[in-house]
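S.K.: Just so we're aligned: the sequence shown equals residues 6 to 270 in the working numbering.
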Amino acid sequence: MPLKGKVALITGGSRGIGRAITLRLASEGADVVINFFRKRDTAEGTAGEARNIGVTAHIIKANLAEPEKIDRMFTEIEERFGRLDILVNNAASGVARPAMELNSDAWDWTMSINARAALLCAQRAARLMTNGGVIVNISSLGSRLVLPIYTAVGVSKAALEALTRYLAIEMAPQGIRVNAVSAAAVETETMKLYTSDPNIPQSMVTKTPAGPMVQPEDIANTVAFLCRDEAAMIRGQIIVIDGGLSLTSLSYTPDEGKGGQDAST
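This is how it looks when you write it as structure tokens:
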């Protein structure tokens, strides 16, 4: 178990991608701290699954839009575990509107959860990573590809990826590795918001050149690898998990290329 004895905090770690990451790290031996905001029952359920694997699991309710709640979360981690080895900044939120329909409240909320909270969590985590550590930020393809109604989230994720590079250099002398995982549309409850929008081509969110949508476990597997010693020389990178989607036109699917004429005719 390559992560046995490690303590990992996963923000938004109770459901969807966060749950998959929590259980994957637990399966590799890490004790897990599951941050949640609204659904305590869901967090308790995920914690129970982790305990059944054989590790310690602890839940902490905290709204990451409030800096004081972040401080309290890390104080609780320090009091209970005495240290932190892994931070996964997975918690995300945002307002799904075109740029011209965004107001300042929607913008500030999205940026505070998706970018500012990652910085504040990294700053606090660094104090507990006295023997080095790993930080993995969860991003999305909308950080560099323009997607309908994704303006605020896309910009916040672009900021998160830039932050990843800066932190990777600044924290390297402390023995802290920082990377990010950028995902295409992942099959979770959250994606229903986008798959139901008529302005978004369904092939963009329901298919990839590899075939099916990306699954939460695909992201979790990559996060787990980045947390292992084998990934020690990967620093400041944005690892894309998208089944090849970003290499194509967003509306293209492989089946559409079949039956066409030879280019020489």
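All residues carry an ideal CB built from backbone N, CA and C; glycine is no exception.
For residue 221, which option in 190, 118 and 132 has the closest C-alpha, if you only look at C-alpha atoms?
M.R.: Of the listed residues, the one whose Cα sits closest to residue 221 is 190.
S.K.: Residues in its own chain within less than 7 angstroms of residue 120 by CB, not counting five upstream and five downstream?
M.R.: Counting only Cβ-Cβ distances below 7 angstroms, and skipping sequence neighbours, we find 161, 164, 165 and 168.
S.K.: Please tell me whether residue 138 and residue 82 are closer than 8 angstroms, where the distance is taken between their beta carbons.
M.R.: Going by C-beta atoms, residue 138 is not nearer than 8 angstroms to residue 82.
S.K.: Quick test of the definition: if touching needs 3 or more C-beta pairs under 8 angstroms, does the segment 46–57 touch the segment 84–102?
M.R.: With the cut-off at 8 angstroms, the segment 46–57 and the segment 84–102 do not touch.
S.K.: So residue 17 and residue 40 are supposed to be a Cβ contact under 8 angstroms. How far apart are they, rounded?
M.R.: Yes, they are in contact, since the Cβ atoms of residue 17 and residue 40 sit about 6 angstroms apart, within 8 angstroms.
S.K.: Going by the beta-carbon positions, is the gap between residue 9 and residue 34 smaller than 8 angstroms?
M.R.: It is a contact, given that the beta carbons lie within the stated cut-off.
S.K.: Enumerate, from N- to C-terminal direction, the unbroken alpha helix (DSSP H) stretches of 4 or more residues contained entirely within the segment 62–140.
M.R.: Complete alpha helix (DSSP H) runs here, min 4: 72–86, 109–116 and 122–133.
S.K.: Using alpha carbons as the reference points, say which of 212, 133 and 25 lies closest to residue 85.
M.R.: With distances taken between Cα atoms, residue 85 lies closest to 133.
S.K.: In whole angstroms, what is the alpha-carbon distance linking residue 12 and residue 186?
M.R.: Cα to Cα, the separation comes out at about 20 angstroms.
S.K.: Apart from the five residues just before and just after residue 45, which ones in its own chain have a Cβ nearer than 6 angstroms to its Cβ?
M.R.: Excluding sequence neighbours, residue 45 sits near nothing in its chain.
S.K.: If you follow the beta strand (DSSP E) that residue 187 is in, where does it begin and where does it stop?
M.R.: Note, residue 187: beta strand (DSSP E), 181–188.
S.K.: Given a cut-off of 8 angstroms on the beta-carbon distance, is the pair residue 157 and residue 115 in contact?
M.R.: Yes, the Cβ-Cβ distance between residue 157 and residue 115 is below 8 angstroms.
S.K.: Would you mind reading off the limits of the beta strand (DSSP E) that contains residue 36?
M.R.: Start and end: 36–41.
S.K.: Which residue wins for smallest C-alpha separation from residue 136, given the options 179, 110 and 248?
M.R.: The option with the nearest alpha carbon to residue 136 is 179.
S.K.: For residue 79, collect the residues of the same chain with a Cβ closer than 6 angstroms to its Cβ; drop the 5 residues on either side in sequence, then sort them by chain order.
M.R.: Answer for residue 79: 129, listed in chain order.
S.K.: List the DSSP bridge partners of residue 14.
M.R.: Partner(s): 38 and 92.
S.K.: At the level of alpha carbons, what is the spacing between residue 26 and residue 253?
M.R.: Each residue's Cα considered, the two are about 28 angstroms apart.
S.K.: With a threshold of 16 other CB atoms inside 10 Å of the CB of residue 261, please say whether the residue is buried or exposed.
M.R.: Caution applies to residue 261, whose pLDDT of 47 falls short of 50 and renders its modelled position unreliable; the value that the coordinates give is listed next. Per the 10 Å Cβ criterion, exposed.
S.K.: Tell me which same chain residues have a C-beta within less than 6 angstroms of the C-beta of residue 155, skipping the five on either side of it?
M.R.: Hits under 6 angstroms: 147.
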